[in-house]
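Heads up: the sequence shown at position 127 corresponds to 127 in the UniProt record's numbering, and the numbers run straight through without jumps. All C-beta atoms, glycine included, are put in the ideal place defined by N, C-alpha and C. One structure below.
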Amino acid sequence: MTTMESLIGLVNRIQRACTMLGDYGGGDNAFSSLWEALPSVAVVGGQSSGKSSVLESVVGRDFLPRGSGIVTRRPLVLQLHKTEDGSQEYAEFLHLPKRRFTDFSMVRKEIQDETDRVTGKTKQISPIPIHLSIYSPNVVNLTLIDLPGLTKVAVEGQPDTIVEDIESMVRSYVEKPNSVILAISPANQDIATSDAMKLAREVDPTGERTFGVLTKLDLMDKGTNALDVLEGRSYRLQHPWVGIVNRSQADINRNIDMIVARRKEREYFATSPDYGHLAGKMGSEYLAKLLSKHLESVIRSRIPSITSLINKSIEELESEMDHLGRPIAVDAGAQLYTILELCRAFDRIFKEHLDGGRPGGDRIYGVFDNQLPAALRKLPFDRHLSLQNVKKVVSEADGYQPHLIAPEQGYRRLIEGSLSYFRGPAEASADAVHFVLKELVRKSIGETQELKRFPTLQAEIAAAANEALERFRDEGRKTVIRLVDMEASYLTVEFFRKLPQEVEKAGNPGNSGNTASQAVDRYSDGHFRRIGSNVSSYVGMVSETLRTTIPKAIVYCQVREAKLSLLNHFYTQIGRKEAKQLGQLLDEDPAMMERRLQCAKRLELYKAARDEIDSVSWAR
Ligand SMILES: Nc1nc2c(ncn2[C@@H]2O[C@H](COP(=O)(O)OP(=O)(O)OP(=O)(O)O)[C@@H](O)[C@H]2O)c(=O)[nH]1
């Protein structure tokens, strides 16, 4: 069976958890509020209306701060838990979970100190509630929220806005539809001028949520009584009015015990000529029972809507958590694992770009198929092998004695000079491929969704990948230059052997008659033109070779390495890092981390609340 204890206790537990998460009435919160959905009793009254006295009387102990001016400056969520007869009374604060207060004067002091801790001594007010639980055989299960007394004027030392500040804070508590309003008015004042009734009427015009309490019945002028109010004639509410007689200031000064005061109050009503007929429905004890019963029924009726709010919120929070990504582990091993997973995710995408699953890798082939051949074609061999230059180079190579047969040195110089032109396109190809790879790294990082959360790691991976690409480029350049140098260091002798042997023929003494003219021919333009054209064919052959070997070298040194070991160096580095450094790599956007933390905590609260409600439902 669902008991009163279990229902009110359930709401108490959820309320405490809400406060820990910063979810309370008047709080500024981006999340949908569970607090708002929880029924509670808010105590409202003007200054000196007897609010504190009513609360203490309901509890049966003195424990509230006293003094002049505004004493209650933060909401006090007072959760009363009935314990077995004879058990010891004690109080506990949510902010001091390990401490049990059995001396209630210390409770009073802690309320004051805790108020000052948040508001300072400046008499400011704050909407952050103090949670106080009282465990006692003399209470009923009930949760009351004591709010600052409504006032009309600011006193010395208080900000001018205090009057409105208090009103708006009290209003934020009482205007939510799940709030039960305990409106306290003194009987020795015209009910029409009561601050509490004025506010209650505004937020609850039909009076269905308002319980009217009339204090100080004993202080009314002789010959007058409050029957018009108590019997609902002067101010109509859906619930019956309750009259109260608290301790007078003189009683307080004399330290009259609360339990004695309760008895005196009972006697007052029992013997009162005016209120005797209402005695069973008057007094603080009756009020406590009435409220407890009412609160329980309100909670019961709200359970379905609370459950659906909780379920809806859980769904929303879970989808937000999915969106934000799961929280990162704190131990080094798990962090390293996360980092490696993220690197792998990036590496996978990068490879897809190279291998063709994603666009961009084809641009590398573009370098080999277009840029390199075009650059080779544009090399200035025409100029280098012009008649004039051939003559010049050959003559210079000959020195003082012109060559007799073939200009061996001249050939070599012309060929070496030509081959050196290949260095440019070779290096340019390595660079071009490097830039394509770099661009693919940039793209891949952007496309790795998992990395978006971690700007620091993102930057580190990019830096490490680019650094590796630089190394591969150096290697690529060296290798292609080496290819060119290899061509220059050993020429293909077969090529020259296959050339028509005119020179030798020209020098053959058996070849009658032509010797002189042939000898002259050796220094003619035709001779040099032939040399130029031979060198040009040779260079053309080398060009063909390089056109196919340069891409091989570049792919081997740069593309293949990028595929195989782009992040190898980075992996070694992070393998040596400590937990703290790894944590820094996984340093998320702080706002995102905070949001996830809030979401996670809230999710925990909502799930715990759902479990609690489920367990109560099962017990039904
Ligand atoms: N005789 C008599 N005095 C009362 C009654 N209720 C309150 N008082 C006295 O009225 C004064 C104010 O009561 P409190 O309970 O402190 O009133 P409050 O609304 O909490 O006042 P603030 O916290 O100052 O706003 C105290 O001196 C009480 O002793 C009552 O029913 N009868």
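Roughly how many whole angstroms lie between the Cα atoms of residue 472 and residue 441? Taking the sequence shown and counting its residues from 1, one reaches residue 472 at position 472. Taking the sequence shown and counting its residues from 1, one reaches residue 441 at position 441. So the alpha carbons of these two residues sit roughly 14 Å apart.
Pull the bridge partners of residue 213 from the DSSP assignment, please. As a working note, residue 213 is residue 213 in the sequence shown. Residue 213 is bridged to 184, 242.
Less than 8 Å between the beta carbons of residue 360 and residue 443, yes or no? As a working mapping, residue 360 is identified with position 360 in the sequence shown. As a working mapping, residue 443 is identified with position 443 in the sequence shown. In this structure, residue 443 lies closer than 8 Å to residue 360 by Cβ.
Is residue 207 near ligand 1, judged by its Cβ being under 7 Å from some heavy atom? As a working mapping, residue 207 is identified with position 207 in the sequence shown. Every heavy atom of ligand 1 is 7 Å or more from the Cβ of residue 207, so no.
Mapping the DSSP letters down to three states, classify residue 234 as helix, strand or coil. The residue given as residue 234 occupies position 234 in the sequence shown. Of the three classes helix, strand and coil, the one that applies to residue 234 here is coil, per DSSP.
Check residue 503 in the structure and name its three-state DSSP category. Indexing the sequence shown from 1 puts residue 503 at position 503. With a pLDDT of 47 at residue 503, under the threshold of 50, the predicted position of this residue should be treated as unreliable, though the coordinate-derived value follows. Note: residue 503 maps to helix in three-state DSSP.
Do you know how far the Cα of residue 131 is from the Cα of residue 260? Start at 1 with the first residue of the sequence shown, and residue 260 comes out as number 260. Start at 1 with the first residue of the sequence shown, and residue 131 comes out as number 131. Whole-angstrom Cα-Cα distance: 27 Å.
Check whether the stretch 207 to 219 and the stretch 64 to 82 are in contact - that is, three or more C-beta pairs closer than 8 Å. no
Length of the line joining the Cα atoms of residue 184 and residue 604: As a first step, residue 184 is located in the sequence shown; it is residue number 184 there, counting from the start. As a first step, residue 604 is located in the sequence shown; it is residue number 604 there, counting from the start. Using only the alpha carbons, I get a separation of about 38 Å.
Under 8 Å Cβ to Cβ from residue 537, same chain only, skipping five residues before and after it: list those, please. Indexing the sequence shown from 1 puts residue 537 at position 537. Same-chain partners within the cutoff: 495.
Taking buried to mean at least 16 other C-beta atoms within 10 Å of its own C-beta, is residue 103 buried or exposed? For the purposes of this step, residue 103 is taken as the residue at position 103 of the sequence shown. That one is exposed.
Taking 7 Å as the cut-off, is the C-beta of residue 264 nearer than that to any heavy atom in ligand 1? Residue 264 sits at position 264 when you count from the first residue of the sequence shown. No; taking the cut-off as 7 Å, the Cβ of residue 264 has no heavy atom of ligand 1 nearer than that.
In the structure shown, what three-state DSSP assignment does residue 63 receive? The residue given as residue 63 occupies position 63 in the sequence shown. Residue 63 falls in the coil class under three-state DSSP.
If you follow the alpha helix (DSSP H) that residue 90 is in, where does it begin and where does it stop? Here residue 90 refers to the residue found at position 90 when the sequence shown is read from its first residue. Where residue 90 is concerned, there is no enclosing alpha helix (DSSP H), although the beta strand (DSSP E) it sits in stretches over 90 to 93.
Residue 408 to residue 395 span [Cα, whole Å]: One-based indexing of the sequence shown puts residue 408 at position 408. One-based indexing of the sequence shown puts residue 395 at position 395. Answer to the nearest angstrom: the Cα atoms are 11 Å apart.
Residue range of the alpha helix (DSSP H) that includes residue 86: In the sequence shown, the residue the question calls residue 86 occupies position 86. Taken as a continuous stretch (DSSP letters only), residue 86 belongs to no alpha helix (DSSP H), as it is neither H nor E.
Beta strand (DSSP E) segment containing residue 323, residue limits: Sequence index remark: in the sequence shown, residue 323 carries index 323 (1-based). It is not in any beta strand (DSSP E) - residue 323 instead sits in the alpha helix (DSSP H) that spans 284 to 324.
Could you tell me which of 193, 139, 44, 188 sits nearest to residue 226, measuring between CA atoms? Your numbering for residue 226 matches position 226 in the sequence shown. Checking every option, the nearest Cα to that of residue 226 belongs to 188.
Does the Cβ of residue 120 have 16 or more other Cβ atoms within 10 Å, making it buried, or fewer, making it exposed? For the purposes of this step, residue 120 is taken as residue 120 along the sequence shown, with counting starting at 1. With fewer than 16 Cβ atoms within 10 Å of its Cβ, residue 120 is classed as exposed.
What does residue 179 pair with, by DSSP beta-bridge criteria? Taking the first residue of the sequence shown as position 1, residue 179 is located at position 179. Its beta-bridge partners are 40.
Any non-hydrogen atom of ligand 1 within 7 Å of residue 219 CB: Translated into positions along the sequence shown, residue 219 becomes position 219. Residue 219 Cβ: within cutoff of ligand 1.
Using 7 Å as the cut-off, classify the Cβ of residue 98 as near or not near the heavy atoms of ligand 1, replying yes or no. Taking the sequence shown and counting its residues from 1, the one referred to as residue 98 is at position 98. For ligand 1, not one heavy atom lies less than 7 Å from the Cβ of residue 98.
Taking 8 Å as the threshold (C-beta atoms), are residue 570 and residue 387 in contact? Taking the sequence shown and counting its residues from 1, one reaches residue 387 at position 387. Taking the sequence shown and counting its residues from 1, one reaches residue 570 at position 570. In this structure, residue 570 does not lie closer than 8 Å to residue 387 by Cβ.
Can you look up residue 8 in the DSSP assignment and give me helix, strand or coil? Position 8 of the sequence shown, counting from 1, holds the residue named residue 8. Here residue 8 sits in helix by DSSP.
Please state the DSSP three-state secondary structure of residue 58. Along the sequence shown, read from residue 1 onward, the residue named residue 58 stands at position 58. DSSP places residue 58 in helix when its eight states are reduced to three.
Is it right to say residue 551 is buried, meaning 16 or more other beta carbons lie within 10 angstroms of its own, or is it exposed? In the sequence shown, counting from the first residue as 1, residue 551 sits at position 551. It counts as buried.
Do residue 65 and residue 13 count as a contact pair if the criterion is CB distance below 8 Å? The residue labelled residue 13 in the question sits at position 13 within the sequence shown. The residue labelled residue 65 in the question sits at position 65 within the sequence shown. Not closer than 8 Å, so no.
Could you round the C-beta distance between residue 491 and residue 546 to whole angstroms and report it? I think they count as a contact, below 8 Å. Here residue 491 is taken as the residue at index 491 of the sequence shown, counted from 1. Here residue 546 is taken as the residue at index 546 of the sequence shown, counted from 1. About 14 Å; that fails the 8 Å criterion.
So what's residue 159 in DSSP terms, helix, strand or just coil? Taking the first residue of the sequence shown as position 1, residue 159 is located at position 159. Residue 159 falls in the coil class under three-state DSSP.
Using C-beta distances below 7 Å, list every residue in its chain close to residue 160, excluding the 5 sequence neighbours before and after it, in chain order. Position 160 of the sequence shown, counting from 1, holds the residue named residue 160. Around residue 160: 154.
Just reading off the beta strand (DSSP E) that residue 490 is part of, what are its end residues? The residue you call residue 490 lines up with position 490 of the sequence shown. Taken as a continuous stretch (DSSP letters only), residue 490 belongs to no beta strand (DSSP E), as it is neither H nor E.
Residues bridged to residue 79 (per DSSP): Reading the sequence shown from its first residue, position 79 is the one you call residue 79. DSSP, once it has assigned bridges, lists 133, 143 as partnering residue 79.
Distance, residue 450 Cα to residue 342 Cα: Here residue 342 refers to the residue found at position 342 of the sequence shown. Here residue 450 refers to the residue found at position 450 of the sequence shown. Each residue's alpha carbon lies about 7 Å from the other.
Hey, how far is the Cα of residue 129 from the Cα of residue 101? Within the sequence shown, numbered from 1, the residue matching residue 129 stands at position 129. Within the sequence shown, numbered from 1, the residue matching residue 101 stands at position 101. Rounded to the nearest angstrom, the two C-alpha atoms are 19 Å apart.
When you measure from the CB of residue 185 to every non-hydrogen atom of ligand 1, does any distance come out below 7 Å? Translated into positions along the sequence shown, residue 185 becomes position 185. No; taking the cut-off as 7 Å, the Cβ of residue 185 has no heavy atom of ligand 1 nearer than that.
Ligand 1 heavy atoms versus the CB of residue 53: any closer than 7 Å? For the purposes of this step, residue 53 is identified with residue 53 of the sequence shown, where counting begins at 1. Yes, Cβ of residue 53 sits closer than 7 Å to a heavy atom of ligand 1.
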